[in-house]
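Peer 1: Numbering-wise, the working numbering puts 235 at position 62 of the sequence shown, and it's gapless, one number per residue.
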Amino acid sequence: MSLSNRENNIRKIINLEDRIGSCNRCINTTPCVRKPSLGKGELEPELLVVFESESLGREEVITIRNRIRDGLNIDKIYHTYLVRCQPKVCTSRNNVSHYSFPKLIDNEDNCLLTGQACSGLPVPANYDEIIACMPYLIEEIQILNPKYVLLMGERVSMFVLKSLGYYDGITESCYEYENMKILVTADHNKFSDHHCQLLKININ
174 MSLSNRENNI
184 RKIINLEDRI
194 GSCNRCINTT
204 PCVRKPSLGK
214 GELEPELLVV
224 FESESLGREE
234 VITIRNRIRD
244 GLNIDKIYHT
254 YLVRCQPKVC
264 TSRNNVSHYS
274 FPKLIDNEDN
284 CLLTGQACSG
294 LPVPANYDEI
304 IACMPYLIEE
314 IQILNPKYVL
324 LMGERVSMFV
334 LKSLGYYDGI
344 TESCYEYENM
354 KILVTADHNK
364 FSDHHCQLLK
374 ININ
């Protein structure tokens, strides 16, 4: 990739991140989100990994990236998320209108209602929340244009494949999208060296 193309990619990603940061499509979720989850890694990736959400934690992401790097011999990796704002279950919000409090958490992850650290429990995003985030993910994939896109888990795979025009469920381990290979694998908490070996079949 030329320097001008790289700079153009950086500009597009920054613009995308700005729009994600100001998104208010999920009005029940965003008040308790300190900041949306953004992609990280190489801006000229060979492989882009899609996790469901950032709830798995930084250390687990690093472990999975290292496993992919070593198992598939791919160094240029970027990871991102299907859902940018992690939904939570919180009893403190039951009697509070989100219209009165557009933000219920501070920059230190403290709840503005209780004055204590946020105690909300992460829960899976619902259909509407995933659909609200999907355009950002598809745009991110198109901007970075990796050789491979790795979908972590059945839920991620089902939603992304439908968005790319595959409506028959998960019937293959590898799909084509434009000039990319879309790879399907296990959930992040089950992903192992064995799954890397299975992925090698579709890695050129």
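Cβ coordinates follow ideal geometry from the N, Cα and C atoms, glycine included.
Bear in mind that the values here come from a model prediction, so they are computed numbers and not experimental data.
Take the Cβ of Y309 as the centre, count every other Cβ of all protein chains shown within 10 Å, and call the residue buried at 16 or more, exposed below.
Peer 2: When all chains shown are included, Y309 counts as buried.
Peer 1: Return the residue from the list L334, E351, Y300 and V223 that minimises the CA-CA distance to G212.
Peer 2: The shortest Cα separation from G212 among L334, E351, Y300 and V223 belongs to V223.
Peer 1: At a cut of 8 angstroms, does the segment 192 to 201 reach the segment 323 to 341 through at least three beta carbon pairs?
Peer 2: No, the segment 192 to 201 is not in contact with the segment 323 to 341.
Peer 1: Comparing C-alpha positions only, which one of V322, I374 and R328 sits nearest to Y251?
Peer 2: Of the listed residues, the one whose Cα sits closest to Y251 is V322.
Peer 1: Comparing alpha-carbon positions, which option in H361, C284 and L317 lies nearest V329?
Peer 2: With distances taken between Cα atoms, V329 lies closest to H361.
Peer 1: Determine the burial state of I183: buried for a count of at least 16 other Cβ atoms within 10 Å of its Cβ, exposed for fewer.
Peer 2: Looking at its Cβ environment, which holds fewer than 16 other Cβ atoms inside 10 Å, I183 is exposed.
Peer 1: Could you check which residue in L372, E219 and E227 has the C-alpha nearest to that of P297?
Peer 2: Here the closest residue by C-alpha is E227.
Peer 1: Taking C-alpha atoms, which residue in C369, I235, P319 and R266 lies nearest to E349?
Peer 2: Of the listed residues, the one whose Cα sits closest to E349 is P319.
Peer 1: Name the DSSP beta bridge partners of E349, please?
Peer 2: BP columns for E349 point to K354.
Peer 1: According to DSSP, is T287 part of a helix, a strand, or is it coil?
Peer 2: Of the three classes helix, strand and coil, the one that applies to T287 here is coil, per DSSP.
Peer 1: Can you tell me whether P204 is buried or exposed? The criterion is at least 16 other CB atoms within 10 Å of its CB, across all chains shown.
Peer 2: With 16 or more Cβ atoms within 10 Å of its Cβ, P204 is classed as buried.
Peer 1: Are the beta-carbon atoms of E217 and L317 separated by less than 9 angstroms?
Peer 2: Going by C-beta atoms, E217 is nearer than 9 angstroms to L317.
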